[in-house]
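Beneath this line is the structure, given in structure tokens, with notes to follow.
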Amino acid sequence: MIQSIGLYRPGLKPPSMYELRVPLLNKEGQNTLVQIEDNKKEWASKGCSLMSDGWRDSVAKKDIVNFLVNSPKGSVFIKSKDVSEVVKDATLLFKLLDDMVEEIGEANVVQVITDNAKNYIKAGKLLEAKRPHLYWTPCAAHCIDLMLEDIGEIPALKSAMKKCMFMNGYIYSHVPLVNMMRKFTKQRNLHRPAITRFATSCITMTQFLKQQKPLRDMVNSAEWSESKWPKEAGARKVRQYLMQASFWKNIRRALKIMTPLVKVLRMVDGEKKPAMGYIYAAMDRAKETIERDFKWNKEKYEEAFEIIDKRWQCQLHHPLHAAGYFLNPSIHYKYPDDVRCAEVEGGLYNCIARLVPNTETQDKIMTELDSFKDASGIFGHDMAIRQRDIKAPAEWWFCYGSSAPNLRSFAVKILSLTCSATGCERNWSVFQLLHTKKRNRLAQHRLNNMVFVKYNRALKRRSLRSVCATRDPILLDEIDDSNEWLIGRMDGDSSDNDDLVWGDDDLSWNDVSQAMGVEEPSYSTRGVGAKGASSSTTDKGKGIASSNQKQSSAPAMRLVDEEDEL
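Per UniProt numbering, the sequence shown starts with residue 1, numbered consecutively.
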């Protein structure tokens, strides 16, 4: 814009306030409607997802919901609603969702995605009952984030995260300490923001583990000893935590469980690549990766699996996910036994019955399924076989599904769907302005137009960036391949405590931490040859085990290695 003004040279008359508020804003609104016309055509041909993305304005104390429509061409912002009086009533939420489906067109909407709150679940069930040819689905990203949140409550993992949080906060609140840390880590940071709070925790713990040696070198260096930090209580606690072998052990355990789930979260979050054909397999792959990383020692991951299965079965396990799994050619032909099971095929048939109202078309789809299963006709062409793992699933069906036209239309509709509603780009200041003041109808109409234009322009820019960055198809091996530096370390030894201080010596950091007295007490103890247990103290207000340990009077008692216990 500035360049255009410069090219005009002196004499340019700026638009008046009236021109900005009325004719120019109306013109931009019309241009936006024209730009999303192609999206609307795609809604009719391939179907779409109505996304409800809620947030709370902490300043105005209001609950706001943004409604967007997603299709392969990208997301389109429809409107923003103040639902403060509605959000606690499932019936009113259902009415709101139903009105939005009516506005978009029931024939176009394949699924309505909301978060997993109880009232939204009830509203979704009411919507499915009224409109039998669409689905309500919970947001996959929200569900996986809840898994991570619940896993983060496991005591050993919670302790590691709290210690990382404390050290990260303490270091970054003291500039001289930040400079010292960066000197030892070669200018690398410890904290990196991610898409959710628990993904951020996982990535931050990853950074701590990558910088384990530099951080330990820092707190044992002459520079540290000669500085003021040994006299500071917070810095002494930082050193204590960094020297604890159990701290690093718990970080490794947390990362083995959380990293595969964070990779699934990244996959389903956003709209770069439709994830409906992959979410089912991705969750299975994540669990397999966790099992393998713990060498199939069930005791070490059983509690986490109970959390994952509880969320998966009641919230994320859905017929659409099963149908996408079955129809994804890169999975179907590679793992035929996994795909052709009662659970997956049952989900597929459920989707056909619900999304294809015409029984004659349903029968044609069932007939055409045989040619897909057997890879006969064009499905068995050399090019089709070669590109199963190259093209995105929906594209593959569009190119090679002409011999099964009814099934192709159904498959493209399923495989073009998103799994999450969190890809919505929020501009908080705009929405706060939209919902916090009372205005006359004309002023409110102008503001609605401004938000409609501004939000859709932002979504369009993001969509264009995504096209440049897109890599198809999604690679499930990225979930399977945990960080090499983590797995290599675990495969090399049976114990996480065997980090050697010097490579040519047998002195381990575990020996050092025990000798220094910085090792925290175990969360649970077991008596050997005697009844009873030793107790451990906890740092009040911190939720972190203290280094002060009560001595047991029974000589036969011992503290259990947390890795063995957990």
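In this text, a Cβ means the ideal position worked out from N, Cα and C, and glycines have one as well.
Taking the CB atoms as reference points, tell me whether S45 and I113 lie closer together than 8 angstroms. In the sequence shown, counting from the first residue as 1, residue 45 sits at position 45. In the sequence shown, counting from the first residue as 1, residue 113 sits at position 113. Against a cut-off of 8 angstroms, the Cβ pair of I113 and S45 comes out as no contact.
Taking just the CA atoms, how far does L93 sit from V86? Indexing the sequence shown from 1 puts residue 86 at position 86. Indexing the sequence shown from 1 puts residue 93 at position 93. If you take the alpha carbons of V86 and L93, they lie about 6 angstroms apart.
List the DSSP bridge partners of I279. For the purposes of this step, residue 279 is taken as the residue at position 279 of the sequence shown. For I279, which the question treats as bridged, DSSP gives no partner whatsoever.
Range covered by the alpha helix (DSSP H) that runs through P176: Position 176 of the sequence shown, counting from 1, holds the residue named residue 176. Unbroken alpha helix (DSSP H) run through P176: 175 to 184.
Looking at G277: is its Cβ nearer than 8 angstroms to the Cβ of G324? Sequence index remark: in the sequence shown, residue 277 carries index 277 (1-based). Sequence index remark: in the sequence shown, residue 324 carries index 324 (1-based). Cβ distance < 8 angstroms, so G277 and G324 count as in contact.
If you follow the alpha helix (DSSP H) that M51 is in, where does it begin and where does it stop? Locating residue 51 in the sequence shown gives position 51, counting from the first residue. Taken as a continuous stretch (DSSP letters only), M51 belongs to no alpha helix (DSSP H), being part of the beta strand (DSSP E) at 48 to 57.
Minimum C-alpha distance to T206 - residue among M161, N66, G377: As a working note, residue 206 is residue 206 in the sequence shown. Nearest C-alpha to T206: M161.
Quick check on the DSSP output: the beta strand (DSSP E) that includes W136 runs from which residue to which? On the sequence shown, residue 136 is found 136 positions in, with the first residue counted as 1. Run containing W136: 135 to 138, per the beta strand (DSSP E) assignment.
Using the rule of at least 16 other Cβ atoms within 10 Å of the residue's Cβ for burial, across every protein chain shown, is P10 buried or exposed? Reading the sequence shown from its first residue, position 10 is the one you call residue 10. Here P10 is exposed, its C-beta having fewer than 16 other C-beta atoms within 10 Å.
DSSP three-state assignment for K73, whether helix, strand or coil: Position 73 of the sequence shown, counted from the start, is the residue given in the question as residue 73. The answer is coil: DSSP assigns K73 none of H, G, I, E or B.
Where are the alpha helix (DSSP H) runs, 4 residues long or more, that stay fully inside the region 218 to 302, in chain order? You should have 222 to 225, 233 to 242, 245 to 268, 279 to 293.
Rounded to whole angstroms, what is the Cα-Cα separation between Y455 and R340? Position 455 of the sequence shown, counted from the first residue, corresponds to residue 455. Position 340 of the sequence shown, counted from the first residue, corresponds to residue 340. Straight-line Cα distance between these residues: approximately 43 angstroms.
In whole angstroms, give me the CA-to-CA distance for V101 and P329. Indexing the sequence shown from 1 puts residue 101 at position 101. Indexing the sequence shown from 1 puts residue 329 at position 329. Using only the alpha carbons, I get a separation of about 31 angstroms.
Unbroken beta strand (DSSP E) run spanning T359, endpoints: One-based indexing of the sequence shown puts residue 359 at position 359. That residue, T359, is in no beta strand (DSSP E); its alpha helix (DSSP H) goes 359 to 374.
Taking 8 angstroms as the threshold (C-beta atoms), are V76 and V65 in contact? As a first step, residue 65 must be located in the sequence shown, where it is residue number 65. As a first step, residue 76 must be located in the sequence shown, where it is residue number 76. Contact flag unset, no.
Would you mind reading off the limits of the alpha helix (DSSP H) that contains Q35? For this step, residue 35 is matched to residue 35 along the sequence shown. Note, Q35: alpha helix (DSSP H), 23 to 35.
Beta carbon of L261, beta carbon of A286: below 8 angstroms? In the sequence shown, the residue the question calls residue 261 occupies position 261. In the sequence shown, the residue the question calls residue 286 occupies position 286. Contact: yes.
Measure the beta-carbon distance from L316 to A140 and round it to whole angstroms, keeping in mind my assumption that it falls under 8 angstroms. Numbered from 1 along the sequence shown, position 316 holds the residue referred to as residue 316. Numbered from 1 along the sequence shown, position 140 holds the residue referred to as residue 140. That pair is a contact at about 6 angstroms.
Measuring only from the beta carbon, is I365 closer than 7 angstroms to any heavy atom that is part of the ligand NAP? The model depicted lacks the ligand NAP and carries no ligand whatsoever.
Which runs of the beta strand (DSSP E), 3 residues or longer, sit entirely within the region 76 to 150? 109 to 114, 135 to 138
Is any beta-carbon of chain C found at less than 8 angstroms from that of I385? Absent from the structure is chain C; it holds one protein chain and no more.
Beta bridge counterpart(s) of D389 as assigned by DSSP: The count along the sequence shown starts at 1 and reaches residue 389 at position 389. BP columns for D389 are empty, so no partner.
Thinking just about the alpha-carbon of each residue, which of T32, K13, M17, Y8 is nearest to the one in A458? For the purposes of this step, residue 458 is taken as the residue at position 458 of the sequence shown. Of the candidates T32, K13, M17, Y8, the one whose C-alpha sits nearest the C-alpha of A458 is T32.
Whole-angstrom distance between L209 and P23, CA atom to CA atom: Locating residue 23 in the sequence shown gives position 23, counting from the first residue. Locating residue 209 in the sequence shown gives position 209, counting from the first residue. Rounded to whole angstroms, P23 to L209 spans 57 angstroms at the Cα level.
Check L12 in the structure and name its three-state DSSP category. The residue labelled residue 12 in the question sits at position 12 within the sequence shown. In the three-state scheme derived from DSSP, where H, G and I count as helix and E and B as strand, L12 is classed as coil.
Specify, as a first and last residue, the run of the alpha helix (DSSP H) that A323 falls within. For the purposes of this step, residue 323 is taken as residue 323 along the sequence shown, with counting starting at 1. It spans 319 to 327 - the alpha helix (DSSP H) in which A323 sits, taken as one unbroken run.
As a quick exercise: from L464, V451, F452, I414, pick the residue whose alpha carbon is nearest that of W43. Working through the sequence shown from its first residue, we reach residue 43 at position 43. W43 has its Cα closest to that of I414, out of L464, V451, F452, I414.
Under a Cβ-count criterion, where at least 16 other Cβ atoms within 10 Å of its own Cβ denotes burial, should C314 be classed as buried or exposed? Your numbering for residue 314 matches position 314 in the sequence shown. It is exposed - the Cβ of C314 has fewer than 16 other Cβ atoms within 10 Å.
Contacting residues, own chain, Cβ-Cβ under 6 angstroms from S420 (five flanking each side not counted): For this step, residue 420 is matched to residue 420 along the sequence shown. If we look at S420 and ignore the five residues flanking it on each side, its Cβ neighbours are C139, A140, A141, V268, D269.
Flag this pair as touching only if the region 349 to 360 and the region 127 to 137 have three or more C-beta atom pairs under 8 angstroms; answer yes or no. Because the criterion of three Cβ pairs below 8 angstroms is met, the region 349 to 360 and the region 127 to 137 touch.
Nearest by alpha-carbon distance to V110: which of G47, C143, G152, K61 is it? Position 110 of the sequence shown, counted from the start, is the residue given in the question as residue 110. Cα-wise, what sits closest to V110 is G47.
Taking one C-beta from the region 374 to 388 and one from the region 400 to 408 each time, how about it: are there three or more such pairs within less than 8 angstroms? yes
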